[in-house]
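UniProt numbering numbers the first residue of the sequence shown as 1 and each following residue consecutively.
Beta carbons: idealized from backbone N, C-alpha and C, even for Gly.
Shown next, in structure tokens, is the structure this report addresses.
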Amino acid sequence: MSLTHSLRLVLENTLPLNDFLSSLPPSGDGWEEEVQDVYDDYPEPAHIHVFLAALHHFKPSVESIIERWFDSMLRPALKMPGLGTQARQQAKDLVLNAAQDARFARRLMELYLLDVINPLGEDILEYLGREKERETKECWKENLEWILAHLQPVRLLDQVEHHFTNPEAKVQLLLLLDVLDPEQLVALANHPFLESLLHLLLTDHSTTCITIALSILTKLIISTPKQFKLRIPDLFAVLARMMCRESPLIDSDDPIAHEAEKSPEYRCLFTYLYYLFPCDTLDFFRRPMDTGTDTDTERKWDQDKIRMLSEVCTGHFLKFDPPHVEWQVLLRTHITHPFLLYPEKLFWEEEEALYDSARIASEGMLMDVRYTSIALGERHSGEDPDPDTGRLLELYSPPLPMPEPSPTHEEKNPAESSSLLSTDTEGIKQVLASLQHSLLLLQTQARFTSYLQKQNVKHIGRLYQDRVLARNAEVERQGLYNKLRNYRAQVVRLESELKEHKEQSYSAKTKYLDWNTELQSKLKELREEKRDWLREAATLRRGYNELEALFKAQEKLLNEASQDVSRLQTEKKASQHKIDRLNTYEKQISDYEVTRTLWEADFTRFNERKEEMEDLRSRMKQLEMRVQALYESGHDQEHTIETQRKRIEVLKAQISRPSIPTPPPEPEDESVDRTVKKLRQQNMELRDELEEMKAMVEVLRARNR
């Protein structure tokens, strides 16, 4: 069955999808054209999961995904909110596989920046009334975030750094980094984009960008504190910049309220900087302008950073003496670090394996007195366990009441009605922008809080495990101590017993020597007797084994013979009718043998007669040929004789003439006469032989008849 036919059966619900996938080969040629042809005939969204399953099974190449399938199938599939979980995951896996190509990864980043809903864009109002389009955009954004988040961290950071120069894309890029796992953010510590992130925190004026960037930086410091050891001046510059930002909404003189109204993210940054670098933090509080100018070349700033910190801190630190009250609030709301007694070293560097991100996140939070009081549980049992809840809730503001236009007024003054409508639209946009801004801040804080909660859960689990191990160790130690006490009592008792045994053994030793000599003689006799018994036992055992082997062999032969007898009897009974028929056949064969013997004797005589006849026929044929030859020879001789006779007559006639004298006979005539006589004699002999041959032929003909 071809791939096209099977795919059409699946689309027509005739063949189950699992059976179709199990029947497919792992790879093949020409399948892309077949799938493309069927997809052109079935472009409905309800059938796209079948094509995604086929693509995921064949695993096309990166070039094929980019050129053939992304725009036609994968991109529309990732925009479908109602697509199944398995099909969506297959589509994301295919796109993630194609994202190995750097150009395609850049294209995905551009789609994320340009083709999804910008949370702070001006087009957010357009999607409020179009729920279906908003769901499509949100699904597309969620899938793109998943794909980009699962890229290689270095490749993703390269793309982020490439697009970070665009001011409109900063919020989206920071949100993308904020949703990454802490394990993926570790690569940022050694990436050039970290400089861009620190520069944004030092120069940017957007509260949203700063909030998200601070969240990313704090998580990065928790995960990789060792990489930030040489960047302590940069971190203090960011902290100073966050503290120096002015809030236009502050009218209260209460320093605590003033600190609470400002952006709260820098407090977490200060908490973890104070936990990881306590001495450097206090030194920065005492001498903020001298930070980065020490003799340590590894942590020394360049002149640009010193000038930037001077611009940040000049309007803040140099105005007040003593230092500003915000620093006092931070210090008063944090406990004393226990490792301030050891300024020459960092506690987490010596035992780096014990200080993972979970422990740093949990113990760093305990530097804040608010969380310390919650951990104690007794001092603030009646208070809200989450001190930031009220601050987070304050970011939600109720929507402004919209003025409702009067119908009569609209009829009387349409120009004024249109102006009111435009005013309402502008107010709605402002409210939506404010709400969207607050929503982004809340989502960022919620993600950071969720991150801290996960780290706390890990740390609590490890502490519980350590507690269980400590309890088990204490129980084991107590058990070992009890065993040791029992062993000591046993040692005392055994030593006394040993002393008694030594005395008894000394008295028994003398008896043993006499008894040993007596036993040696008896032992020698017993050994000789034992050797005789062993020889006899070996002989008997050998004979017994031979008899047993013979018995087993005879028993085996008897069983085989019994089986053969029973088998032969059964075969005889089963073949009795065949035996009877065989006897009949043997009798008939003996009769046939006698008949055949007689027939062979007759046939032998017949062959002998036939050979004699063939011999006679050959002899007769030879005689006929000889007679024919003699006949022809006789005919020739008769012709010669007739010629000679005529010549003789001529000669006689010449002799009889008297007038002519007869010349004397010439020698030639005499030879002719002799020849004639000889020929006549031969002719007579041939005639006789011919007569004999004719008589013999007649005899043979008569015999053949």
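Measure the CB-CB distance between residue i and residue j and report whether it falls below 7 angstroms.
i: I117; j: K132; result: no
i: A149; j: L180; result: yes
i: F270; j: L239; result: yes
i: L144; j: A91; result: no
i: A99; j: L151; result: yes
i: A358; j: K458; result: yes
i: M696; j: V627; result: no
i: S215; j: P182; result: no
i: residue 715; j: A169; result: The chain is shown from 1 up to 705; residue 715 falls before or after that span and cannot be answered.
i: P278; j: H337; result: yes
i: D283; j: I232; result: no
i: W140; j: L78; result: yes
i: Y266; j: M242; result: yes
i: L217; j: Q172; result: no
i: V62; j: D101; result: yes
i: P81; j: E135; result: yes
i: Y272; j: G364; result: yes
Using 8 angstroms for Cβ pairs, my map puts residue i next to residue j. What's the rounded Cβ distance?
i: L201; j: I210; result: 6 angstroms
i: I147; j: L175; result: The Cβ separation is near 15 angstroms, so there is no contact.
i: S178; j: I212; result: In the sequence on display, residue 178 carries Asp and not Ser. Confirmed, about 5 angstroms.
i: F193; j: L230; result: The Cβ separation is near 17 angstroms, so there is no contact.
i: L94; j: H57; result: So it is not a contact: roughly 11 angstroms between Cβ atoms.
i: L630; j: L700; result: The pair is not a contact, with the Cβ atoms about 17 angstroms apart (cut-off 8 angstroms).
i: Y39; j: M73; result: 7 angstroms
Leaving out the 5 sequence neighbours to the left and right, which residues in its chain are closer than 7 angstroms to residue i when beta-carbon positions are compared?
i: I335; result: M367, V369, T372
i: G84; result: H49
i: E546; result: none
i: D204; result: I210
i: C268; result: T218
i: F104; result: I66, A98
Within its chain, find whatever has a CB closer than 6 angstroms to the CB of residue i; leave out the 5 residues flanking it on each side and keep chain order.
i: F70; result: none
i: N456; result: S362
i: G634; result: L686
i: I360; result: I222
i: L330; result: F270
What residues in its chain sit with their C-beta under 8 angstroms from that of residue i, if we drop five residues either side in the sequence?
i: E600; result: none
i: R106; result: Q159, H162
i: E624; result: V697
i: E503; result: none
i: L679; result: Q637, T640, I641, Q644
i: L452; result: A361, M365
i: T333; result: D368, V369, R370
* Hey, is the segment 642-650 in contact with the segment 600-610, meaning 3+ C-beta pairs nearer than 8 angstroms? -> Between the segment 642-650 and the segment 600-610, the count of C-beta pairs closer than 8 angstroms stays below three; the two stretches do not touch.
* **Every unbroken beta strand (DSSP E) inside the segment 616-702 [3 residues or more]** => With a minimum length of 3 residues, no continuous beta strand (DSSP E) run stays inside the segment 616-702.
* Asked: In the segment 106-194, which residue ranges form an unbroken alpha helix (DSSP H) of at least 4 residues, counting only runs that do not cross its ends?
  -> Counting only runs that start and end inside the segment 106-194, the alpha helix (DSSP H) elements of at least 4 residues fall at 131-149, 153-163, 170-178, 182-185.
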